[in-house]
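Protein chains in written order, with the numbering used here: chain A, 20 to 449; chain B, 20 to 449. Beta carbons are placed, not taken as given, at the ideal position from N, Cα and C, and that holds for glycine.
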């Protein structure tokens with residue numbers, strides 16, 4: 020993501036730091052940094068780096084000293100608790116060249132927390148009130164460890180707990196308002212707007228290539244791309260002083276994207292495939308039943324992830340075994356004999372039969388080979404047949420995908436089938 | 020996670036770098052760094068930092084120059100693709116002070132990838148063969164972008180694609196063996212052993228608390244905890260020079276864990292719930308059919324994620340609507356009338372009927388309220404009824420969980436049901 024305005028020297032530079040051996044060693048995946056970076060960026064700051072270090076006061080102090088030379092604002096999470104591993108306050112004091120001292124305000128907030136939940140305070144909990152002497156505490160309403168803010172060099176650094184719920188609350192209620200009021204002059208406060216467009220069916224590289232030329236006509240709107248396999252999200256975003264004006268610019272950029280990518284677009288509001296289907300099925304008051312083979316229940320799982328899906332999702336059957344296809348779904352043994360279970364013919368019968376059995380408006384079926392084993396020369400791993408049955412009309416298609424990974428294949432197969440239904444539903448209103 | 024041996028000055032220092040605006044700006048959460056750090060740590064390296072920077076050649080080059088001063092080994096992911104945002108090779112060349120040139124080996128591997136899948140190569144794909152002239156390519160068997168390895172200063176840096184599947188394959192098959200053979204002298208090679216124990220049914224804080232006291236008896240074995248919602252993985256790990264000796268220590272630690280956590284343990288080899296079920300069903304040559312309501316296909320999806328599941332997974336039906344439960348699954352309208360669709364009675368009939376319909380050894384059924392809407396005072400969101408039917412015996416239970424999140428509820432509901440089947444299968448062999 021690039022936006023021209025970011026090249027301006029007036030943009031505040033920000034860095035994000037996560038601390039903790041568990042994060043550093045890969046035992047837990049850090050989602051705090053992503054949240055913080057997104058919020059800072061929305062406020063118009065330019066986030067240049069995230070760094071993760073372990074529970075090691077020397078290394079953290081070294082890092083804070085480096086950051087103080089390069090950033091205007093930094094947010095550090097983790098290491099504020101009561102245990103010996105919690106070394107953040109010590110590292111911050113060392114980087115700033117000041118001492119630690121018991122902060123009365125921080126101590127009072129820790130005591131208040133324990134009183135509120137009628138819990139006994141351990142002596143180690145008081146350690147959390149030992150802050151660098153130049154620090155100002157930040158109240159933590161949902162946990163025991165207070166945060167704090169202090170200057171190191173020219174950089175204002177906010178220190179928050181690593182517990183995501185506590186961090187998010189303090190970030191939203193305390194840190195962001197303070198950055199806005201103390202660090203961004205009124206004439207530089209900017210509005211952030213973003214639109215997400217979801218696509219299915221084109222590889223990311225091709226989306227990129229197709230948009231390369233047209234996006235040069237965007238007027239101050241940034242273009243980002245985000246893979247939510249197998250869906251791709253194109254992001255259009257801009258900052259500005261006037262919301263109406265930037266909304267209009269983003270709308271113009273979207274018109275260009277729509278002209279370029281047309282029917283590959285699932286949604287111009289960033290919906291998932293199942294959300295787009297939910298919208299279309301609800302609008303048309305239509306219902307659907309599904310016969311899944313190789314997708315193993317994944318289509319049904321996706322559709323029922325949408326709250327309210329009981330209005331259009333009637334029934335689905337997952338039949339792996341040919342016997343079940345024949346006995347329960349009434350697929351003709353002759354069809355399977357003549358064309359194989361993985362064939363458009365079998366998928367069509369599955370779609371038609373499930374539609375009839377369940378009394379639904381649409382029947383959707385999949386049959387294929389997700390792998391990693393089970394492929395043949397004629398029908399390699401990655402082969403997928405999908406069919407959609409509607410009143411008096413069944414359509415089907417066959418594709419061979421290059422993946423050998425079972426989970427990846429199931430996911431693309433499921434999306435191919437859902438996309439086929441989506442196009443069928445769109446054809447009704449065009 | 021800490022191991023004393025890491026304090027030795029002879030340990031190789033490593034750093035991990037993730038690149039990409041999407042990661043930096045919080046649009047996607049980086050799981051690559053955790054994987055890489057864990058693997059490097061297992062090999063006995065000391066990972067001191069992760070850093071994330073955007074798609075900005077100058078900032079990446081600056082970072083690589085810093086890393087070259089501090090680390091022996093670094094692994095960088097992302098930015099190797101064909102688009103203009105892919106600036107990693109350029110940044111690496113700049114940091115090393117060399118030129119980019121087309122690497123014939125890399126070009127051949129890209130061409131081979133396209134030939135294998137009979138796809139046309141775009142001119143932009145050839146850009147991926149432009150590597151720093153001192154770099155040696157690392158073949159990517161699962162994608163188009165080759166990786167590469169080069170020295171910058173005293174540091175050997177491995178550059179891998181950001182696509183997790185490709186990165187993991189290249190890390191495991193190429194990077195780790197090379198670090199072992201080229202960077203770790205034979206007398207310093209240490210064995211890392213880890214055992215993962217999967218648990219279901221206890222909150223993480225409680226697992227922690229229950230293990231706190233017993234784990235003090237571990238002899239040189241580290242204890243880690245990892246949440247793979249709703250499953251918790253307890254990790255037991257140790258380094259040493261003698262594999263037999265550390266295996267014995269880990270085995271002793273595991274005996275303590277088993278004594279403490281007993282039947283909450285799904286697997287002593289870190290299996291997922293569906294893998295544990297696959298093992299038990301295969302051992303017992305048993306088959307299963309599933310009638311899902313509130314889980315919406317998620318149980319079927321989980322079971323069919325295991326390759327070879329067609330041996331035991333016969334059929335499943337997802338019936339949201341009462342009409343479908345009655346017409347297709349033959350649940351008695353009187354049962355639904357008397358007890359409601361969300362009741363142990365309805366779940367029992369669903370389990371018994373699907374077992375009979377599909378001719379399976381076991382029938383498994385769920386009925387509940389995943390939310391966020393649809394709850395009542397009597398049956399709030401989070402209510403789940405599960406039943407397992409076997410020959411001549413059906414068991415059922417009802418639970419009310421505190422979550423309001425639809426996806427979280429579906430996942431726990433599915434695991435509760437699978438765990439009930441697991442306990443039923445275990446009872447057969449005890």
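- Just measuring C-alpha positions, the residue of B/137, B/227, B/31 and B/73 sitting nearest residue 47 of chain B is B/73.
- Within the region 200-231 of chain B, the complete beta strand (DSSP E) runs of at least 3 residues fall at 210-219.
- Per DSSP, the continuous beta strand (DSSP E) segment holding residue 156 of chain B begins and ends at 155-157.
- Listed in chain order, the non-local C-beta contacts of residue 410 of chain B below 8 Å within the same chain comprise 380, local neighbours out to five positions each way being set aside.
- At a cut-off of 7 Å between beta-carbon atoms, residue 434 of chain A makes no contact with chain B.
- Of B/45, B/150 and B/210, the smallest CA-CA separation from residue 62 of chain B is found for B/210.
- The Cβ of residue 72 of chain A sits closer than 7 Å to at least one Cβ of chain B.
- Residue 69 of chain B belongs to the set of residues whose beta carbon lies under 7 Å from a beta carbon in chain A.
- Bridge pairing for residue 303 of chain B: absent [DSSP].
- For the region 270-299 of chain B, the continuous beta strand (DSSP E) assignments of 3+ residues that do not extend past its boundaries occur at 284-286, in sequence order.
- Residue range 32-38 is occupied by the beta strand (DSSP E) that includes residue 34 of chain B.
- When the beta-carbon positions are compared, residue 94 of chain A and residue 55 of chain A come within less than 7 Å of each other.
- Residues of chain B whose Cβ lies closer than 8 Å to the Cβ of residue 57 of chain A are, in chain order, 44, 45 and 46.
- Residue contact check for residue 340 of chain B against chain A: a CB pair falls below 7 Å.
- Per DSSP, the continuous beta strand (DSSP E) segment holding residue 403 of chain B begins and ends at 402-409.
- Remark: fewer than three beta-carbon pairs, one from each stretch, lie closer than 8 Å, so the region 268-276 of chain B and the region 303-321 of chain B are not flagged as touching.
- Taken through DSSP and simplified to helix, strand or coil, residue 121 of chain B comes out as strand.
- In the three-state reduction of the DSSP assignment, residue 268 of chain A falls in the helix class, which pools H, G and I.
- Within chain A, 338, 339, 340, 342 and 343 have C-beta atoms less than 9 Å from the C-beta of residue 333 of chain B, given in sequence order.
- By the neighbour-count criterion, in which a residue is buried when 16 or more other Cβ atoms sit within 10 angstroms of its Cβ, residue 249 of chain A is buried.
- Per the DSSP secondary-structure output, residue 387 of chain A pairs in a beta bridge with A/403.
- Rounded to the nearest whole angstrom, the CA to CA distance from residue 76 of chain B to residue 311 of chain A is 46 Å.
- For residue 71 of chain A, the enclosing beta strand (DSSP E) stretches over residues 65-72.
- The CB of residue 391 of chain A comes closer than 8 Å to the CB of 326 in chain B, given here in chain order.
- In this structure, the beta-carbon distance from residue 407 of chain A to residue 383 of chain A falls below 7 Å.
- Residues 74 of the same chain have their beta carbon placed closer than 6 Å to that of residue 104 of chain B, with the five preceding and five following residues left out of the count.
- Between residue 319 of chain A and residue 337 of chain B, the C-beta gap is smaller than 7 Å, which places the two residues in contact.
- Residue 326 of chain B sits in coil when the DSSP states are folded into three classes, being neither helix nor strand.
- The Cβ atoms of residue 179 of chain B and residue 166 of chain B sit closer than 7 Å to each other.
- As computed with DSSP, residue 331 of chain A is found in no beta bridge at all.
- Interface with chain B (7 Å Cβ-Cβ cutoff): residue 323 of chain A is included.
- DSSP places residue 392 of chain A outside both helix and strand once states are collapsed to three, so it counts as coil.
- Here the alpha carbon of residue 213 of chain B sits roughly 11 Å from the alpha carbon of residue 287 of chain B.
- In this model, residue 142 of chain A and residue 97 of chain A are separated by some 20 Å (Cα to Cα).
- Boundaries for residue 412 of chain A: no alpha helix (DSSP H) harbours it, while the beta strand (DSSP E) harbouring it runs 412-419, taken from the DSSP string.
- Put simply, the CB of residue 272 of chain B is far from chain A, with every gap to its CB atoms at 7 Å or more.
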